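Contents: one structure, followed by commentary.
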Amino acid sequence: MTQEKILIIVPAYNETGNVARTVQEILSLSLPLTVLVVDDGSQDSTAQEAREAGALVVSLPFNIGIGGAVQTGFQYAIEKGFSVAVQVDGDGQHDVSFLGKLIEPIRKNEVDMTIGSRFLPPFTGYRSSFVRRIGIHFFAYLISFLTGYKVTDPTSGFRAFNRKVIHIFAGEYPHDFPEPESIMVARFYDKRVKEVPVQMRKREAGHSSIRYLATLYYMLKVTSAILFNMIKQKQAGRDQ
Amino acid sequence: MTIKILTGFLAVAILVLVVELGRRRKLTFKYAIGWILISLLGLLFDVFDQLLSWTSALLGFTLPSNFIFFTLICFFIFLSLFLTIFLCQQNNRNDTMAQKIGLLEVEINELKQKKS
Numbered sequence: 109m110t111q112e113k114i115l116i117i118v119p120a121y122n123e124t125g126n127v128a129r130t131v132q133e134i135l136s137l138s139l140p141l142t143v144l145v146v147d148d149g150s151q152d153s154t155a156q157e158a159r160e161a162g163a164l165v166v167s168l169p170f171n172i173g174i175g176g177a178v179q180t181g182f183q184y185a186i187e188k189g190f191s192v193a194v195q196v197d198g199d200g201q202h203d204v205s206f207l208g209k210l211i212e213p214i215r216k217n218e219v220d221m222t223i224g225s226r227f228l229p230p231f232t233g234y235r236s237s238f239v240r241r242i243g244i245h246f247f248a249y250l251i252s253f254l255t256g257y258k259v260t261d262p263t264s265g266f267r268a269f270n271r272k273v274i275h276i277f278a279g280e281y282p283h284d285f286p287e288p289e290s291i292m293v294a295r296f297y298d299k300r301v302k303e304v305p306v307q308m309r310k311r312e313a314g315h316s317s318i319r320y321l322a323t324l325y326y327m328l329k330v331t332s333a334i335l336f337n338m339i340k341q342k343q344a345g346r347d348q
Numbered sequence: 003m004t005i006k007i008l009t010g011f012l013a014v015a016i017l018v019l020v021v022e023l024g025r026r027r028k029l030t031f032k033y034a035i036g037w038i039l040i041s042l043l044g045l046l047f048d049v050f051d052q053l054l055s056w057t058s059a060l061l062g063f064t065l066p067s068n069f070i071f072f073t074l075i076c077f078f079i080f081l082s083l084f085l086t087i088f089l090c091q092q093n094n095r096n097d098t099m100a101q102k103i104g105l106l107e108v109e110i111n112e113l114k115q116k117k118s
């Protein structure tokens, strides 16, 4: 089998202290890959840090949210002809040693998109806080019900995509709550989605963008956003 | 009679304001024209108020004032809906532009490096 070109998309917003380590960890894997950090209008030295660590950096002129940032990565992948893209969040939560496992089903053309799940056996590592876990399980049931996929970790941002999905997402990627919503988009275009067991870590520095107190409000918003996907019309030319 | 003067004054004030904003290039024709037409319409109803009574009676309103309130509420509901659509479109364009700028910057840097 010929070696595919793999693009690792790392969205990062004010991740000084995390992003360099993430990039170094990825680069230390012996895989033929390019690391693209999408600096989502950070005010700190995220871009510089990522560049020094050896990543290619796209700096967005202002903050457009993680969805838009990841989508920029897909657009880059299309432009440069990458056949596989992997999303790894810039906050250091994802254990990149699972990257190979994540890509494998895509390489074998078993599925079009894989999601790294921290809730699948055999792993019992870090699984987020109690309140958040409730939310995650709720969305897992909701999305599994709506899509027919077996999803346990819909908010995981550790994912791999093949060319077909990259093409769709480069043109149409949800900006509001991209992780759960993009599974809906994949279903919408009849793509094969599968979860792969991975381990995650606690955030090493900085704060997650989801606050505890707002959890219920957040859940309502995400649920409506997920359901809102059901009324969307198919866009011509997205599916190839 | 005083109410007629008051509303007439209001319509003229809007008209003058919009025209002045256009003159100062704060409003383009595309956005000014609607307001100009509306203020002219208000002026028309103000001067010929029988027209107002006639229209509201024709549509089945007991009081012309109810007709005015109904029309204005409808107008503002649709206006805000259209403004939201416009806002959403601008927001999408803004994001697309930011992405494009970011990607072009990478491309430029690559070209510069190749050159040197």
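Here the protein sequences line up with chains A and B, keeping their order.
FYI, in my numbering the residues of the first sequence are 109 to 348.
FYI, in my numbering the residues of the second sequence are 3 to 118.
Beta carbons are placed, not taken as given, at the ideal position from N, Cα and C, and that holds for glycine.
Quantities reported herein were computed from a predicted structural model and do not represent experimental measurements.
- Residues of the segment 167–185 of chain A that bring their beta carbon within less than 7 Å of a beta carbon in chain B comprise Ser-167, Leu-168, Pro-169, Phe-170, Ile-172, Gly-176, Gln-179, Thr-180, Gln-183, Tyr-184, in sequence order.
- Within 10 angstroms of the beta-carbon of Lys-340 (chain A) lie fewer than 16 other beta-carbons, which makes it exposed.
- Judged by DSSP in its simplified three-state form, Lys-302 (chain A) adopts strand.
- Among the residues facing chain A, Gln-115 (chain B) is not included, as its CB has no counterpart in that chain under 9 Å away.
- Contact check for Leu-61 (chain B) and Phe-69 (chain B): beta-carbon distance about 7 Å, within the 8 Å limit, so the pair qualifies.
- In the three-state DSSP reduction, Arg-26 (chain B) falls in the coil class, being neither helix nor strand.
- By the C-beta criterion, the segment 221–235 of chain A is judged not to be in contact with the segment 142–157 of chain A, since fewer than 3 inter-stretch pairs fall below 8 Å.
- The beta carbon of Val-204 (chain A) sits closer than 7 Å to the beta carbons of Glu-133, Ile-134, Leu-137, Val-196 from its chain, once the five residues preceding and following it are set aside; these are given in chain order.
- Counting of Cβ neighbours within 10 angstroms places Met-308 (chain A) among the buried residues, the total reaching 16 or more.
- Setting aside the 5 residues that flank it on each side, Lys-117 (chain B) has no residue in the same chain whose C-beta is closer than 7 Å to its C-beta.
- In the DSSP assignment, Ala-193 (chain A) falls within the unbroken beta strand (DSSP E) covering 192–195.
- Within the segment 280–302 of chain A, those residues whose Cβ lies closer than 8 Å to any Cβ of chain B are, in chain order, His-283.
- In this structure, the alpha-carbon of Val-14 (chain B) lies about 58 Å from that of Gly-198 (chain A).
- Looking at A:Ala-278, A:Ala-185, A:Lys-310, the one whose alpha-carbon comes closest to that of Gly-345 (chain A) is A:Ala-278.
- For Glu-107 (chain B), the residues of chain A that pass the 8 Å Cβ criterion are Val-166, Ser-167, in the order they occur in the chain.
- A Cβ-Cβ contact shorter than 9 Å links Ile-186 (chain A) with Ile-274 (chain A).
- Per DSSP, reduced to three states, the secondary structure at Ile-116 (chain A) is strand.
- Using a CB distance cut-off of 9 Å, Asp-97 (chain B) counts as an interface residue toward chain A.
- Here Phe-269 (chain A) carries a strand assignment [DSSP, helix/strand/coil].
- Annotated as distal: Lys-302 (chain A) and Val-192 (chain A), with beta-carbon spacing of 9 Å or more.
- Here Pro-286 (chain A) is buried, its C-beta having at least 16 other C-beta atoms within 10 Å.
- Here DSSP, grouped into helix, strand and coil, assigns Thr-222 (chain A) to strand.
- In the structure shown, Val-259 (chain A) falls within a coil segment according to DSSP collapsed to helix, strand and coil.
- Per DSSP, the unbroken beta strand (DSSP E) holding Asp-147 (chain A) starts and ends at 141–147.
- In the structure shown, His-245 (chain A) falls within a helical segment according to DSSP collapsed to helix, strand and coil.
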